[in-house]
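What follows is one structure encoded as structure tokens, with my remarks underneath.
Right, here's the structure in full:
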């Protein structure tokens with residue numbers, strides 16, 4: 001298991017625990033698993049289903065359904081301070097409200113009485129069009145609307161609710177070639193896991209489910225830490241702040257033991273960080289122009305000033321942000337994607353969106369409010385030597401003492417250090 | 419029950435015509451036709467003219483001119499739902515004649531069809547109760563019939579007739595209601611969208627009801643069956659008594675549809691419903707198996723919907739409602755709403771951090787003061803994590819290969835030479851060999867000895883590559899091989915070398931008995947080769 005590459009796994013008990021941790025992490029990052037799409041992950045989850053079910057229920061108040069052909073972790077609504085989770089398939093544009101509506105319609109279409117296990121793509125689309133009229137959703141036969149429809153059905157395929165048994169969705173969207181979709185009947189009732197009887201507006205949904213009612217500060221704090229990149233201290237209710245200060249070591253142990261996350265509590269808030277870098281839909285810091293630009297921008301901004309007064313945020317005017325980004329662009333013009341080099345506004349928007357999605361910054365009318373957690377990544381002028389550098393230094397020292405017998409050895413360290 | 423049967427070609431044609439009876443339900447102006455048929459079936463023996471029809475419809479809010487009313491009625495006549503009323507046209511004027519001719523009345527079949535159609539059109543699309551109480555009364559009635567049949571003198575034919583008719587009507591009603599109920603049940607059981615409360619109420623209702631029917635049927639049906647079986651021998655008396663009552667007979671002898679229970683077949687049918695008669699499943703048995711399968715299906719559904727924690731609430735109407743909400747939402751609201759409604763969002767975490775927490779920073783340290791985390795330099799400088807730089811030089815193995823090949827060739831040549839030397843030596847007693855040839859000899863001898871478990875006869879080992887073979891035979895004397903670096907003594911064996919191809923050339927010298935083949939040919943104790951001395 002890669003999550004435990006660093007840990008020595010010597011006993012069966014440790015091995016089991018490592019497997020459980022891996023299964024829990026898989027479910028947290030991908031709450032719907034099917035035997036068709038993720039056979040190995042599902043096998044792992046099923047092997048530890050009893051332990052996982054009780055872990056999720058006890059620690060997070062999540063309901064876990066494990067059946068022979070699928071596993072579904074039902075998460076409670078994300079807390080209000082969490083960044084919105086934009087659904088996005090591959091490189092395609094993120095889901096719009098209209099796409100979400102079409103997704104709901106597609107689910108409803110699969111539940112039409114008389115629908116068997118297989119159905120034609122065209123009949124699904126027809127049903128969606130018919131239901132769109134009933135539900136008051138506008139769906140015209142334009143390329144844009146059709147693209148969104150394909151995205152919505154594609155998400156159902158990603159989740160494993162639908163499987164392309166003959167033909168494919170892309171062939172249908174491009175050339176109207178007919179295809180057959182198989183419906184994962186046992187999973188279908190669990191796609192929408194909560195009743196919506198009394199929901200009048202979307203805002204009603206943000207309330208936690210009655211089962212996971214308040215007065216569970218431990219659970220709700222753990223949920224915040226488990227799901228969100230950053231928990232700001234000022235966003236925490238009194239009771240949760242209390243738990244954070246009193247039961248920090250226990251909390252830290254639970255997160256580490258069950259999910260392989262490390263807890264870092266600071267004056268401004270708390271972060272459960274992932275040293276593996278696998279338990280996140282957005283990898284930050286990470287590769288790519290936008291992420292590099294975001295990292296360098298926070299470097300530059302944290303260099304400029306520190307927050308004044310008792311504000312935890314460092315507010316930087318938009319002009320400064322722009323000029324810093326321009327400097328960075330000029331310096332990296334050759335390496336960065338040309339689309340961003342030629343369009344500084346787009347780069348700025350995406351960088352800000354990325355920082356916002358990681359809760360590291362907030363857009364204010366007067367400027368960008370950078371959270372103190374961004375200082376985590378500030379570069380050190382007099383940096384402690386990195387581990388590789390330390391090892392290199394040790395080798396050098398040894399080299400001075402001993403005859404240069406291990407030239408190859410040193411070379412490999414050099415390679416690592418570079 | 420028991421419509422008269424058609425037979426032959428004429429029957430088929432008549433049946434085709436009868437299908438016309440149903441046309442008015444779906445034809446154009448079906449509303450008009452249905453309203454007209456309603457008028458005609460309202461009372462008995464109605465006959466109406468087109469003008470009267472038009473008037474009566476106007477009262478119901480349907481405007482139809484007398485001309486169109488007549489056209490509709492004529493059409494219905496063609497389909498045999500209506501027929502022109504046959505009246506004695508004793509009328510003096512043309513107008514009056516036309517008026518009387520254009521009167522209509524309903525046909526018998528037309529009336530039956532319309533009653534059924536009305537029933538179906540007004541039927542509620544839901545469960546129908548099963549008239550299970552009828553079973554108990556059937557048993558009582560049949561006992562009474564049986565008592566009368568056993569006392570033929572005092573038969574009260576009127577009472578008997580009433581009982582018989584009631585029995586058969588009850589049976590027909592009971593069977594119908596059962597059939598309807600199970601049809602409804604199967605339509606409920608295949609629904610996937612039932613969940614939550616709706617499902618629970620269904621479950622309670624159906625489980626209880628199915629159970630109730632099942633117990634009622636198993637309680638009463640044996641009694642009914644017993645009565646029916648006891649009735650069989652005395653059935654003739656019942657039929658005779660019933661026949662004595664005044665009945666309906668047509669003058670031309672055409673068959674009249676008789677009341678149920680007046681013929682022996684009716685009774686046989688009734689009996690076979692309960693007993694399962696000719697190989698088929700009896701009614702009660704069918705009911706029981708249907709109940710069993712319904713219960714099984716209910717359980718399966720319950721497991722599917724309720725077992726995993728009472729979810730299963732993926733509801734079509736709720737999803738449609740949700741779609742409407744999404745369509746009107748703002749972008750951020752929609753993102754949050756989707757995460758909240760479906761609960762399938764991925765976790766998100768910041769990357770990088772120390773493996774072990776830094777002891778210098780505590781919960782009250784600001785992030786601004788705590789030690790920053792290590793981020794790979796490549797992410798800052800290049801925005802990727804792939805290894806860069808010149809790969810280390812791969813050594814050119816050409817020279818090594820050449821050297822190794824040369825070495826191998828030299829070694830092979832040396833072994834060949836040793837093999838040739840050994841092969842040329844033939845009888846190896848006291849010969850002088852080079853150390854290489856002696857080593858080869860040792861190799862071959864040990865291979866030969868390893869092959870034979872005990873040395874009772876000559877054993878041969880050969881190396882085809884080197885073209886040399888050595889034959890090891892038991893001997894009384896030792897074989898000594900001299901070499902530059904010392905003598906080697908092979909104790910108790912005689913050794914003969916030869917070309918590998920040569921077929922056991924070289925006789926065993928020194929009185930060795932190695933050539934003698936065959937089991938037990940010699941009793942020579944096995945001798946192990948003594949190690950050489952160097």
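Chains as they are written, first to last, in the working numbering: chain A, 1 to 418; chain B, 419 to 952. Every residue gets a Cβ at the ideal spot worked out from N, C-alpha and C, and that includes glycine.
Excluding residues up to 5 positions away in sequence, 794, 796, 797 lie with their Cβ nearer than 8 Å to the Cβ of residue 803 of chain B in the same chain. Positions of the alpha helix (DSSP H) runs, each at least 4 residues long and wholly inside the segment 778-845 of chain B, are given as 795-799, 816-843 in order along the chain. Residues of the same chain with a CB within less than 7 Å of the CB of residue 94 of chain A, apart from the 5 flanking positions on each side, are 86, 87, 88 in chain order. Within the model, the alpha-carbon separation for residue 54 of chain A versus residue 223 of chain A is close to 15 Å. By the criterion of a C-beta distance shorter than 6 Å, residue 919 of chain B is surrounded by no residue of its chain, once the five residues flanking it on both sides are discounted. Only 295, 296, 306 from the segment 294-309 of chain A bring a Cβ to less than 7 Å from some Cβ of chain B. Looking at A:30, A:58, A:270, the one whose alpha-carbon comes closest to that of residue 45 of chain A is A:30. Note on geometry: alpha-carbon atoms of residue 132 of chain A and residue 745 of chain B lie some 10 Å from one another. Between residue 581 of chain B and residue 596 of chain B, the alpha-carbon positions lie close to 22 Å from each other. Scanning its chain for C-beta atoms nearer than 6 Å, with the 5 sequence neighbours on each side dropped, one finds around residue 570 of chain B the residues 655, in chain order. Cβ proximity to chain A below 9 Å picks out nothing from the segment 893-925 of chain B.
The contact set of residue 292 of chain A on chain B, defined by CB atoms closer than 9 Å, consists of 797, 798, 799, 800, 801, 802 in chain order. Contact annotation, residue 548 of chain B with residue 599 of chain B: C-beta distance approximately 5 Å; criterion of less than 8 Å satisfied. With contacts defined as CB atoms closer than 8 Å, residue 314 of chain A and residue 306 of chain A qualify as a contacting pair.
Taking every protein chain shown into account, the CB of residue 343 of chain A has fewer than 16 other CB atoms within 10 angstroms, so this residue is exposed. The closest CA to that of residue 552 of chain B, considering only B:762, B:436, B:593, is found on B:593. DSSP places residue 501 of chain B in the uninterrupted beta strand (DSSP E) bounded by 500-502. Residue-level contact by beta carbon fails for residue 777 of chain B and chain A, as no gap is shorter than 8 Å. By the Cβ neighbour-count rule, residue 198 of chain A is exposed, with fewer than 16 other Cβ atoms within 10 Å of its own.
The three-state reading of DSSP puts residue 318 of chain A in helix, counting H, G and I together. In this structure, the straight-line span from the alpha carbon of residue 271 of chain A to that of residue 265 of chain A is close to 6 Å.
Between residue 786 of chain B and chain A, the shortest Cβ-Cβ separation is below 8 Å.
In this structure residue 556 of chain B is buried. Its beta-carbon is surrounded by 16 or more other beta-carbon atoms within 10 angstroms. Annotated as proximal: residue 376 of chain A and residue 790 of chain B, with beta-carbon spacing under 8 Å. Close to residue 79 of chain A, with beta-carbon spacing below 7 Å, lies no residue of chain B; the smallest spacing is near 10 Å.
The beta carbon of residue 90 of chain A does not come within 8 Å of any beta carbon belonging to chain B, so the residue lies off that interface. Residues of chain A whose Cβ lies closer than 7 Å to the Cβ of residue 782 of chain B are, in chain order, 267.
Interface residue (Cβ-Cβ distance to chain B less than 8 Å): residue 376 of chain A is classified as such. By the Cβ test, the segment 855-865 of chain B is in contact with the segment 881-890 of chain B, since at least three Cβ pairs between them sit closer than 8 Å. With respect to chain B, the C-beta atom of residue 196 of chain A has a partner C-beta closer than 8 Å. Secondary-structure assignment with DSSP links residue 658 of chain B through no beta bridge to anything. With distances taken between CA atoms, residue 761 of chain B lies nearest to A:72 out of A:170, A:72, A:162, A:371.
In the structure shown, residue 622 of chain B adopts helical secondary structure according to DSSP, grouped into three states.
Under the Cβ distance rule, residue 327 of chain A does not count among the residues neighbouring chain B, no pair being separated by less than 8 Å. Straight through space, the alpha carbons of residue 842 of chain B and residue 866 of chain B are spaced by roughly 19 Å. Contact between the segment 94-113 of chain A and the segment 740-759 of chain B is present: 3 or more CB-CB pairs across the two stretches fall below 8 Å.
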